[in-house]
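For the sequence shown, counting from 1, position 316 maps to 316 in my numbering; every step adds exactly one.
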Amino acid sequence: MEIPLTILERDLLQQFTNYFNSIPELVVTSPGRVNLIGEHTDYNDGFVLPMAIDRCLLMAFKKRNDDRITIYSSDFDSEISFSASSFRKGDFSWGEYISGCIWVLQEIGHTPGGFDMVITGNIPVGASLSSSAALELGILRAAAHTAGIEWQPMAMAKLGQRVENHWVGMNCGIMDQAICACGRKDHALLIDCRDLTSKLCPLPKNSSIVILDTGTRRGLVDSAYNERRAQCFEAAGVMNIATLRDGDKEMLERYRSQLSPLAYRRAKHIISENSRVLEAAKAMENDQELKLGKLMYESHCSLRDDFDVSGKALNEIVECAMEHSACLGARMTGAGFAGCAVALVAKGKEKEFVEEVSKAYATRMQTEPRLYVCQAADGTTIRPFDGEIMEE
Ligand code: GLA
């Protein structure tokens, strides 16, 4: 069936034609994500509840007969080009995510061939919406196609995480790659980060998800992230458990005197957050938007006060949102410190929420935020330019 192209796709087609002087064969759509609840729990073997969003990277590509990979990013207005049989770590900046994907497929015994590609998209970079996971899964999807590898979403997510951990050098958990690969339209996904089982959770019917971008971007996040990780592992060690996933409230109080006050607060966030995620998933199953919203705000307070990963802009925007009568709940989302918050808003009131909260924040912080209503989308897909999604 022929599918009408969106403006972004038409633009991409044009750019590819101009750049490579030929027509692309396929297009990969790779979404960003917003996490509804369950922050910093993934690397503690815990639970997360993210959704893939309708902001994505679009990648038009065409197989080549040699092993050269040439990719032009229209957003960065920059090209990377290398041979799949000879490249090194540290050669490129944004291109590291790309060479890392080729490296990881080779590591597991595949031989991805060459391709020409143009990438465009509308996921803001560095805003906690996982543009890097979208890039990894998109490249993996295209390269898997050229190498004839069967697409298994969660297995590919694990490869994406390996790229981050061992090639890019970011010690992240599995959440971003998992939701980018496994997301589903109209649903969030409850993921058990210990065994990687997952369950689709429908979004409450009477509410909408709004992303609130403070416009601030994170700086030295990696070191703070690694520090939090270490503090969590330290607390688990004191409590004689493999990871904080195995802890509960009662155990935490029992060990309180042996934990440093800081380790206690870090563990308290992770343990309480895991319970909140499970409660949130139940609330979604029962279509209880008020309950979900309440849990989201509790999560924010825990991240702000106990885990200490929020920031002035994030706290202000969450408070501006919470003061609006249509807001059911709000919280910072992602690693923290800067970037975006997420709010659950009463259906039908999105427009006034966006306008009034934007105004309130701008008055308080002297800077315009960007707020947008977003829909839950499918994970990374591949299809012919004007055709239907392919199963591979
Ligand atoms: C980043 C990481 C994820 C996760 C979140 C915090 O997005 O990439 O693995 O740890 O921070 O929840």
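By construction, the Cβ of each residue, glycine as well, lies at the ideal position given by its N, Cα and C atoms.
Proximity to Gln258 across Asn240, Asp248, Ile271 peaks at Asn240, based on C-alpha coordinates. Ranked by how close their Cα comes to the Cα of Glu356, the residues Asp11, Cys320, Gln161, Pro153 have Cys320 in first place. For ligand 1, no non-hydrogen atom lies closer than 7 Å to the CB of Gly95. Between the region 151-165 and the region 37-47, the count of Cβ pairs shorter than 8 Å is below three; the stretches do not touch. Residue pairing by DSSP puts Asp116 in a beta bridge opposite Lys62, Thr70. With respect to Leu49, Leu36 sits close: the two C-beta atoms are nearer than 8 Å. Its chain contains Thr243 as the residues whose beta carbon lies nearer than 8 Å to that of Phe233, once the 5 sequence neighbours on both sides are disregarded; these appear in chain order. The beta-carbon separation of Ala147 and Pro112, rounded to 4 Å, stays under the 8 Å limit for a contact. Counting only the Cα atoms, Lys282 lies some 36 Å from Val27. Taking Gly100 as reference, the option from Ala60, Ile174, His166, Arg304 with the minimal CA-CA separation is His166. With a cut-off of 7 Å, the C-beta of Cys182 is classified as distant from ligand 1, since no heavy atom of the ligand falls inside that distance.
Runs of the beta strand (DSSP E) lying entirely within the region 123-206, each at least 3 residues long, are 187-192, 198-202 in chain order. Note on geometry: alpha-carbon atoms of Leu196 and Gln177 lie some 12 Å from one another.
Listed in chain order, the alpha helix (DSSP H) runs fully inside the region 276-349 are 289-305, 312-322, counting runs of at least 4 residues. Those residues that have a beta carbon less than 5 Å away from any non-hydrogen atom of ligand 1 are, in order along the chain, Glu39, His40, Asp42, Cys172, Gly173, Met175, Asp176, Gly334, Ala335. When rounded, the separation of the alpha-carbon atoms in Asp11 and Lys268 is 48 Å. Taking all protein chains shown into account, Gln14 has fewer than 16 neighbouring C-beta atoms within 10 Å of its C-beta and is therefore exposed. Ser207 places its beta carbon less than 8 Å from that of Ala346. Per DSSP, the beta bridge partners of Gly121 are Leu57.
Note on Arg33: 16 or more other CB atoms within 10 angstroms of its CB, so buried under the neighbour-count rule.
Ser81 sits close to Thr70, with the two beta carbons spaced by under 8 Å. The region 245-258 makes no contact with the region 208-217: fewer than 3 CB pairs, one atom from each, lie closer than 8 Å.
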